[in-house]
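To convert, count from 1 in the sequence shown and add 710; that's this note's numbering. Here the structure is laid out as structure tokens; the discussion comes afterwards.
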Amino acid sequence: MRGGMGNMQGMMKKMQKMQKEMQQAQEELNATEFVGSANGDLVKVTFTGDKKMTAISIDPEVIDPEDGEILGDLILLATNDALAKIETQTEASMGKYTKGMPGF
Numbered sequence: 711m712r713g714g715m716g717n718m719q720g721m722m723k724k725m726q727k728m729q730k731e732m733q734q735a736q737e738e739l740n741a742t743e744f745v746g747s748a749n750g751d752l753v754k755v756t757f758t759g760d761k762k763m764t765a766i767s768i769d770p771e772v773i774d775p776e777d778g779e780i781l782g783d784l785i786l787l788a789t790n791d792a793l794a795k796i797e798t799q800t801e802a803s804m805g806k807y808t809k810g811m812p813g814f
């Protein structure tokens with residue numbers, strides 16, 4: 711029975727260590743800025759890793775009062791670009807912890 715308890719305690723310590731590492735990785739990811747762009751940086755959006763937009767930059771060249779739809783499309787492209795970068799980095803950072811776990 712003692713061997714079983716020692717194994718259990720060892721497993722608990724490993725789980726606590728992994729949980730702490732996951733939390734640290736998530737905090738680092740959340741602090742990272744991701745910039746998405748469209749049409750050669752005419753429109754750029756900046757997000758944090760927790761998917762909060764922190765900035766948007768629009769080159770005056772793309773502001774056409776006669777065709778606001780183009781500007782909207784460029785903002786969507788830049789936003790989706792940034793979010794895709796966040797997803798890629800999230801998988802790279804957190805995937806090692808969630809790989810093989812149910813629901814991930």
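Cβ coordinates follow ideal geometry from the N, Cα and C atoms, glycine included. No experiment lies behind these values; they were computed from the predicted model shown.
Problem - Outcome for GLY720 when other beta-carbon atoms lying within 10 angstroms are tallied against a minimum of 16 - result: exposed
Practice task
Flag this pair as touching only if the segment 760-775 and the segment 718-733 have three or more C-beta atom pairs under 8 Å; answer yes or no.
Solution key: no
Handout entry: Beta-ladder partner(s) of LYS754, from DSSP
Key = SER747, SER767
Practice task
Following the continuous alpha helix (DSSP H) through ILE796, name the residue where it begins and the one where it ends.
Solution key: 778-808
Problem - 6 Å Cβ shell around SER767 - same chain, five flanking residues per side excluded - result: LYS754
Practice task
Specify the secondary structure class of LYS761 as computed by DSSP and reduced to three states.
Solution key: coil
Handout entry: Residue environment, ILE796, which counts as buried when at least 16 other CB atoms sit within 10 Å
Key = buried
Exercise for the section: Could you tell me whether the segment 746-753 touches the segment 779-789, where touching means 3 or more Cβ pairs closer than 8 Å? Expected result: yes
Practice task
Leaving aside the five residues before and after MET728 along the sequence, list all residues of the same chain whose C-beta is less than 6 Å from its C-beta, in chain order.
Solution key: none
Handout entry: Close beta carbons around ASP769, own chain, < 6 Å, minus the five adjacent residues each side
Key = LEU752
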